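Read through the structure below, which is laid out as structure tokens, and then see the notes.
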Amino acid sequence: MAWQWVHAPIDCAERVQHNLVMFDCAALNAQGLRDMSPEALAHLAEQMFVQMAEQRRQLEQRDKHIAEQAMMIQFKDAKIEKILFELRRLKAWKFGAKTERMDAAQRQLFEETLAEDEASLRAQLQALQEPADPAPISGQLPPVSRKPRRQALPEHLRRVEHRHEPLSTSCPTPNCGRPMTRIGEDVSERLDIVPAEFFVHRHIRGKWVCKCCQVLVQEPVEPRVIDRGLPAPGLLAHTLTSRFVDHLPYYRQEQINARSGVQTPRATLAAWAGQAGAALQPLFDAHRAFVLGAQVLHADETPVSMLDPGAGRTRRAYVWTYARSAYDPQQGVLYDFCASRAARHPMAFLTGWSGTLVCDGYGACDSVLKQEQRSEAGCMAHARRKFDELAKDGQSAVASQVLHRIALLYRIECQAKELTTSERLVLRERHARPVVDELLQCLRHERQRIPNGSAIAKAVDYSLKRWTALTRYLQDGNVPIDNNHCENLIRPWAMGRKAWLFAGSELAGQRAAVVMSLLQSAKLNGHDPWAYLKDVLTRLPMHLNSRISELLPHRWQPAV
């Protein structure tokens, strides 16, 4: 086959730049080379040298690019491994034994810090694992994203639309310019916030008079929680929610309100809260009757500081917490502010109540449980904590065995959460009872071998002494395995005392208990505490006492 010259196309910039004539390599053969003139052979050789040099340059660039990519991959792999190591360490800290020794406030701060660190590390990990998105080419449709969508923002939020359209809707392709057709749109949403906005309700009550009869007619003033007071129900609810849910002291609320040009001295805010708390007392009394109507009740207490004006310092007071069972479909919690930890306080509060009391075995509860028709359910979490510290770093093989069996009991309880009372009881009898029997046998056997007075002996004695109470949950499907539900409901007081520092008086503490009982119960039943309290404070002055139960947190429905 004879070789052929193939001239370069005019539109190829690279070929025009080098002024090269391309040849068909497959068409070249020995005979064709022999037929070429020396000038043609020299030109062909020159052309081949140029192409070989270009190929060598391209190969060198490719090798350099591959080396850079390899170094980048190695760097990313090292960073990914480091991030994975940090995530494993955070997980170990989160579920490690150290958290057992933290109080509620410390544990919440610790968990929030871990959550921030984990989110930051996972964002870095995602950025390293995902290839960078190529820049969109003008005139081409963007590629369809295959990334999972984030959870949609709540539908009830107000939407502010911002339209973005091209300045020109004519085709940008040269020599075209035809009108383009809109085929759809991409919508992205970003969450924003406007700080709290104060506004004024102006109630204008017209005066009408009959000139003949000299009779004046005017609509009466609607009754309010604070008669002739300045705050509307929304502001009262905001003040109380900020104080007892968000733990903002009055002096900080005063500063926040001042940024909006509204002067609300802390003494004024405190006076509003006091009057609102007094107005809520009848509702609290009805709520108390509802909570104490439960057959299974959680109980626990936590210390708070109370100002002692006579001594010029603070002294320790206590808040007792009572809550319906964690398995109860209708939730509710009560707080009782008491000047001391004496047993007379829970005994007086629970007068007339009968049922099963879930508690941690504190001595004051013993006096309460001496009453007839009352039984005790213990807290397995408290028993577990006695062994947890001993099992750390393998200090006690006995503690490790006990923790293993308790972990099995909690796994069974995880399956029982969504069951009915009877189904839960059957599950426990079938799966938890054998584990409990093994645990009791283990504790009795090991107690005979360990010396009196040792740490492990004290842990074993705690469980054996309260064994009947610790296993009460096997006899009643409404009784939980521990008292963690109540401990979680104490947390608002633990967080609040860090901000409030102390209660001004016993009366102020009792008032706070009234408000917090209603707000925390509203949260337990899935309500926004501000919306609940605003509606209640609006309706309460005109609400019949015989229908007060309609405003209880577990029955409340927003006014239409």
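Counted from 1, the sequence shown has number 406 at position 414 by our numbering; the numbering is strictly sequential.
Using N, Cα and C, we set each Cβ at its ideal position, and we do this for glycine too.
Just so it is clear, the structure is predicted and the values come from calculations on it, not from any experiment.
Reference E368; option with closest CA among G269, V350, H148, A265: When only C-alpha atoms are compared, the closest one is V350.
Under a Cβ-count criterion, where at least 16 other Cβ atoms within 10 Å of its own Cβ denotes burial, should G176 be classed as buried or exposed? Exposed.
Considering S297, what are the terminal residues of the beta strand (DSSP E) in which it resides? Residues 288 to 300.
Taking the continuous alpha helix (DSSP H) assigned at L417, which residues delimit it? Element bounds for L417: 413 to 419.
For the alpha helix (DSSP H) containing A188, name the first residue and the last one. Element bounds for A188: n/a, residue is neither H nor E.
Is the number of C-beta pairs between the region 442 to 450 and the region 493 to 511 that are closer than 8 Å three or more? With a cut-off of 8 Å, the region 493 to 511 and the region 442 to 450 do not count as touching, because too few Cβ pairs lie within range.
With distances taken Cα to Cα, identify the nearest neighbour of H279 among L544, W548, Q549. Ranked by Cα distance from H279, the first of L544, W548, Q549 is L544.
Following the continuous alpha helix (DSSP H) through V428, name the residue where it begins and the one where it ends. DSSP places V428 in the uninterrupted alpha helix (DSSP H) bounded by 425 to 439.
If you draw a straight line from the alpha carbon of T460 to that of D474, how long is it in whole angstroms? Linking T460 to D474 through their CA atoms gives a straight-line distance of about 13 Å.
Best match in G501, L51, C434 for proximity to Q393 [C-alpha to C-alpha]: Taking Q393 as reference, the option from G501, L51, C434 with the minimal CA-CA separation is C434.
Segment limits, alpha helix (DSSP H) that includes G501: Segment 498 to 516, the alpha helix (DSSP H) holding G501.
Quick check on D184: does DSSP put it in helix, strand or coil? Three-state DSSP puts D184 in coil, outside helix and strand.
Would you mind working out which of P426, V254, Y465 sits nearest S414, comparing C-alpha positions? Considering only alpha carbons, the answer is Y465.
Let me know if H470 comes out buried or exposed under the rule of 16 or more other beta-carbons within 10 Å of its beta-carbon. The sequence as given places Asn at residue 470; His does not occur at that position. When all chains shown are included, N470 counts as buried.
Span separating the alpha-carbon of A315 from that of A70: A315 and A70: Cα-Cα distance of roughly 51 Å.
Taking the alpha carbon of E157 as the reference point, which residue from Y310, Q143, D178 has its own alpha carbon closest? For E157, the closest alpha carbon among the candidates Y310, Q143, D178 is that of D178.
If you run the structure through DSSP and keep just helix, strand and coil, what is E479? Correct three-state label for E479: helix.
Could you pull out every residue in the same chain whose Cβ sits closer than 8 Å to the Cβ of R554, ignoring the five residues on either side in sequence? Any answer about residue 554 is impossible in this case: the structure gives the chain only from -7 up to 552.
By Cβ distance, which residues of its chain are closer than 6 Å to L536, with the 5 residues on each side in sequence left out? For L536, same chain residues with a beta-carbon under 6 Å away, outside a window of 5 residues either side, do not exist.
Can you tell which of H374, I248, Q365, Q512 has its C-alpha closest to the C-alpha of G344? The residue with the shortest Cα to Cα distance from G344 is Q365.
Integer Cβ distance of M372 from L411, believed to fall under 8 Å: Contact between M372 and L411 does not hold, since the beta-carbon distance rounds to 18 Å and is not under 8 Å.
What separation, rounded to the nearest whole angstrom, lies between the Cα atoms of R174 and E153? The C-alpha of R174 lies about 18 Å from the C-alpha of E153.
Quick check on the burial criterion: 16 or more other C-beta atoms within 10 angstroms. Buried or exposed for H396? In the assembly as shown, H396 is an exposed residue. Its beta-carbon has fewer than 16 other beta-carbons within 10 Å.
List the endpoints of the continuous alpha helix (DSSP H) containing V217. Neither: V217 is in no alpha helix (DSSP H) and is coded neither H nor E.
If you draw a straight line from the C-alpha of R48 to the C-alpha of K56, how long is it? Computed Cα separation, rounded: 12 Å.
Status (buried if at least 16 other CB within 10 Å, exposed otherwise) for T161: Counting the other CB atoms within 10 Å of its CB gives T161 a total below 16, which places it among the exposed residues.
Quick one: Cα of W200 to Cα of Q210, how far? In this structure, the alpha-carbon of W200 lies about 6 Å from that of Q210.
Between the region 232 to 240 and the region 476 to 491, are three or more C-beta pairs nearer than 8 Å? Counting Cβ pairs under 8 Å, three or more are found: they touch.
Roughly how many angstroms separate the alpha carbons of A514 and C204, rounded to a whole number? Each residue's Cα considered, the two are about 54 Å apart.
Do you know offhand how far I398's Cα is from R376's? Across the structure, I398 and R376 are spaced so that their CA atoms are roughly 7 Å apart.
Could you check what DSSP says for P533 in three-state terms: helix, strand or coil? DSSP places P533 in helix when its eight states are reduced to three.
For my contact list, C553 and A291 are in at a C-beta cut-off of 8 Å; report their separation, rounded to the angstrom. Given that the chain is displayed from residue -7 to residue 552, the structure contains no residue 553 and the question cannot be resolved.
When the Cα atoms are used, what is the spatial distance from Q245 to S234? The straight-line gap from Cα to Cα measures roughly 8 Å.
Hey, V507 and L275: beta-carbon distance below 8 Å or not? No. Outside cutoff.
Taking A326 as part of the beta strand (DSSP E), name the residues at either end of that continuous run. Note on identity: in this sequence residue 326 is Leu, with Ala being the wrong assignment. Start and end: 325 to 330.
Could you pull out every residue in the same chain whose Cβ sits closer than 7 Å to the Cβ of I540, ignoring the five residues on either side in sequence? Cβ within range, chain order: P274, L275, A278.
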